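Q: Input: one structure, supplied below.
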Amino acid sequence: MSGRGSVWWRVAWRSLWRNRSRTLITASALAFGYLAAVVMVGLDDGMSAELVENGTRLMSGQMQVHAVDYLPDRNMQNTIGGDDGTNVDSLLARIDADPDVVASAPRLYGGGLVSAGARTEGGLLMGIDPNREEKVTTLLSTLDGGRAPRPGAHEVVLGSEMARQLQVKLGDQLVLVAPAADGSLGNDLYTLVGIFQTGTREIDASFALLPLSDLQGLLAMGPRRIHEVAVDVARPRDIDAIAAGLGRRLEGYGPPVQVRSWRELRPDLAQSVDLMNAWNSLIVLIVFGMAVFGVANTLIIGTFERRKEFAVVRALGTTPLGVGRTVVYEGIMLGGMALVAGALVTAPIMWWWHNAPPVLSSIVGSFSWSGSQWRPILRVEYSVKTPIVSALALFLTSIVAAIYPAWKATRVPPADALADR
Amino acid sequence: MRRIHPEPTGRITRRLAAALLALSAATATFAAPARAQTAKEIVDRVDRLLRGSSSHGKVEMRIKTEHWSRNLSMEVWSLGTEYSLVRVTAPPREAGTATLKAGQEVWNYLPRVDRTIKVPPSLMMGSWMGSHVTNDDLVKESRMVDDYDITISFEGRRDGVDVWEFNLVPKPEAAVVWGRVVEQVRKKDLMPTWVRYYDEDGTLVRTMTFSDYQRMGGRLVPAKMQVVPTDKPDESTTLIYHELQFDVHLTKDFFSLRNLRARGG
């Protein structure tokens, strides 16, 4: 059986090369389709990765750890571990020990007033660990002037828009006023040491950053009290599994906490990414849907050319199924060649496009979309899934394209064909 | 972007604030209880009970929340509905902290940093000194009768006391935060007993109760007022008057930023 089967493979192979240029052109079309599908999906993935990166890198981080009931109300009293707080260093160590975690940063929030001279604005006070924060978010690297605040020195950093509204410059004195955790009105003098500019107006107009310990002092909270740990991970794409893993790791350890991924923290962002993923499937469908007709055309012409040969083998006793099979084999072999060629061409292009993406900043400046800053970089993103899915789609294309020609081949009536009727 | 809210403290009525800041020396006397008065007249009288030409008093504010409780002692001056000054006298940590209301503006003086700060419009709905009173409550000065249509919804005996219950529905053009206000007033001396505030969906948001009726500054007033937010029944802000004088001699100059900073008023 296998011997007879291999005969049909050989027949198919030879038939393919009867018209070499036609076969090569068709295989090239398929290979190009493969390249197009993989690169377009890669570009789309690159854009969604950029969207996630920009959306989370600025402020939120890719995961956040809170007290269970902290969100969505952000009640000031709901620090991790409640009124007693938690050992912040050991919590951070525990989070950092997770192999998927790259960095983590503790945070404390308070709502209050920022006042300078006769001007006063409402502000969101954010207590940070400057060294840890700059590993998780780019907030401090967007400093337009000055430097990060030092703990214990009564130093504060403002967003550029708030600084503009307050008409303050570096070195000016500010008063921060905030309702404290014990009901008193925390107030103190600070020096403006830095101004950050993220480009996102809501952030630049409302945030005041000061060292965690300074804000704990202003809010009459002890060093054990924080609201949030922002976490950076290596593979944002796998965020749901990583968040669940960190949740398990922190379970039963210290106070109960909730780990939320950027997908939960930024549902707007998650929806944009989901939309782009849906678009990926459509790209593959369109590219190979078009290819089906090209391949089918080649194979149909090939079968018409060989009507007499099919008639001969039928007359010698081959079943119609055997005749049809050889046409399908042709399709599969065509697909195989196209895949090898496509992969050989696609791999270096993807590598180049990922590592040296064209920067379009000469055409468009950076812009804001879906609440995140965009750099105009067209980078493709690798994935394991896309080349495999595209390869399967290519094979499916060549088989589907062969079905109609194969059916036609089985219908060749031996006597009529031989008699040229 | 995320929103971070300061500790929610709820809101209290402008009337409690008015009581705090504008203790009344209204010309109305309560010697002759209501005979043939309209609902509107009665509500207006109660409204003016704690407003007036000028006043000076000593007030204690007891704030109770889920996480902390504290008592503030304060000295309060007012002139008409336009001006008022509140200075905290105890506890020591906050003594000297003062709030000046002049027209639509509210200023705070913070002795620790020796600065006066104008409360920005965006924070007018924020809590005043951690209480259930907002800055906005301090500034509102229109009268209930101007903003609400008033009807009597009950008249008769409740808990052994003859009372009226008034239903106040905002006039279409009135800029008020409440969907409905219900107020109960004792018939014998026109003293309010409670006021209930409903939002636009008809949900009870907070209840204010009056008690400890005493003569102060020659006038019968409820010396104790308590506000309880409905969603946090264990929380409350209570105002207790210890001293109260009406028609004291005060001029607009008294309500200046310079005086806001001065210790001891």
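Those sequence lines, one after another, are chains C and D.
Count the first sequence with my numbering and you get residues 5 to 425, in order.
Count the second sequence with my numbering and you get residues 1028 to 1292, in order.
Cβ atoms here follow ideal geometry from the backbone N, Cα and C, with glycine treated the same way.
Since the model is a prediction, treat every value here as computed from it, not as a measurement.
Could you list which residues in chain D have their beta carbon closer than 7 Å to that of VAL181(C), in chain order?
A: LEU1137, ILE1144
Q: Are there 16 or more other CB atoms within 10 angstroms of the CB of ASP49(C), so buried, or fewer, so exposed?
A: buried
Q: Taking Cβ to Cβ, would you say ARG136(C) is nearer than 8 Å to PRO153(C)?
A: In this structure, PRO153(C) does not lie closer than 8 Å to ARG136(C) by Cβ.
Q: If you draw a straight line from the alpha carbon of LEU303(C) to that of VAL393(C), how long is it in whole angstroms?
A: 24 Å
Q: Measure the alpha-carbon distance for THR1054(D) versus THR1236(D) and round it to whole angstroms.
A: Note on THR1054(D): pLDDT 31, under 50, position unreliable in the model; the coordinate value appears next. Answer to the nearest angstrom: the Cα atoms are 24 Å apart.
Q: For a contact defined as C-beta to C-beta under 7 Å, what are the partners of GLY126(C) on chain A?
A: Given the protein chain composition of this structure (C and D), no chain A is represented.
Q: In the DSSP assignment, what are the bridge partners of LYS1085(D)?
A: GLU1102(D), GLU1270(D)
Q: So what's PHE1237(D) in DSSP terms, helix, strand or just coil?
A: strand
Q: Using 8 Å as the limit for Cβ to Cβ distance, is MET1156(D) near chain C?
A: yes
Q: Could you pull out every residue in the same chain whose Cβ sits closer than 6 Å to the Cβ of THR350(C), ignoring the five residues on either side in sequence?
A: LEU39, VAL42
Q: Would you please state the rounded distance, in angstroms, between the beta carbons of LEU364(C) and LEU338(C)? I believe it to be under 8 Å.
A: About 37 Å separates the two Cβ atoms, so there is no contact after all.
Q: Go to GLN81(C), then tell me how far its alpha helix (DSSP H) extends in each direction, as first and last residue.
A: Per DSSP, GLN81(C) belongs to no alpha helix (DSSP H) and is neither H nor E.
Q: How would you list, in chain order, the residues of chain C whose beta-carbon sits under 7 Å from the beta-carbon of ILE1090(D)?
A: Those are GLY187, listed as they occur along chain C.
Q: Distance cutoff 8 Å, beta carbons only. Does ASP272(C) sit that close to anything in chain D?
A: no
Q: Taking 8 Å as the threshold (beta carbon to beta carbon), is ASP192(C) in contact with chain D?
A: yes
Q: Could you give the residue range of the alpha helix (DSSP H) that holds LEU95(C)?
A: Residues 92-100.
Q: Is there a C-beta anywhere in chain D that falls below 8 Å from the one on ASP426(C)?
A: Because chain C in this structure spans residues 5 to 425, residue 426(C) falls outside the shown range and cannot be described.
Q: Please return the same chain residues whose Cβ sits closer than 7 Å to the Cβ of ALA274(C), not counting the five positions on each side in sequence.
A: ARG267
Q: Given this structure, state the Cα-to-Cα distance separating ILE407(C) from VAL332(C), to the nearest angstrom.
A: 7 Å
Q: Between which two residues does the alpha helix (DSSP H) containing HIS358(C) stretch?
A: 324-359
Q: With DSSP run on the structure shown, which of helix, strand or coil describes ASP218(C)?
A: helix
Q: May I have the straight-line CA-CA distance separating GLU232(C) from GLU1200(D), to the nearest angstrom?
A: 44 Å
Q: Using 8 Å as the limit for Cβ to Cβ distance, is THR1264(D) near chain C?
A: no
Q: Spell out the partners DSSP gives GLY163(C) in its beta bridges.
A: PHE200(C)
Q: Given a threshold of 16 other Cβ atoms within 10 Å of its Cβ, counted over all protein chains shown, does LEU286(C) qualify as buried or as exposed?
A: exposed
Q: For chain C, is any of its Cβ atoms less than 8 Å away from the one on ARG1285(D)?
A: no
Q: Mind pulling the chain C residues with CB within less than 9 Å of LEU1161(D)?
A: First, the residue type needs correcting, since residue 1161(D) is Thr and not Leu in the sequence shown. None at all; the shortest Cβ gap to chain C is about 12 Å.
Q: State yes or no: is the C-beta of THR390(C) within less than 8 Å of the C-beta of GLY46(C)?
A: yes
Q: So with CB distances below 8 Å, who are the chain C contacts of THR1230(D)?
A: Going along chain C, no residue has its Cβ under 8 Å from THR1230(D), so there is no contact; the nearest lies around 18 Å.
Q: Mind pulling the chain D residues with CB within less than 9 Å of LEU117(C)?
A: ASN1135, ILE1144, VAL1146, PRO1147, LEU1150, GLY1153
Q: DSSP puts LYS1128(D) in a beta bridge; with which residues?
A: SER1111(D), VAL1133(D)
Q: Between the alpha carbons of SER1100(D) and LYS1251(D), how many angstroms are there, rounded?
A: 14 Å
Q: Check whether the Cβ atoms of VAL1146(D) and VAL1133(D) sit closer than 8 Å, and answer yes or no.
A: Closer than 8 Å, so yes.
Q: List, in chain order, every chain C residue whose beta-carbon is nearer than 8 Å to that of GLU1121(D).
A: SER188, LEU189
Q: Return the residues of the region 1104-1131 of chain D that lie within a Cβ-Cβ distance of less than 9 Å from chain C, sorted by chain order.
A: Of all residues in the region 1104-1131 of chain D, only PRO1118, ARG1120, GLU1121, THR1124 place a beta-carbon less than 9 Å from a beta-carbon of chain C.
Q: Please compile the residues from chain C whose C-beta is within a distance smaller than 7 Å of the C-beta of VAL1140(D).
A: Ordered by position in chain C, the residues that pass the 7 Å Cβ test against VAL1140(D) are VAL179, ASN191, ASP192, LEU193.
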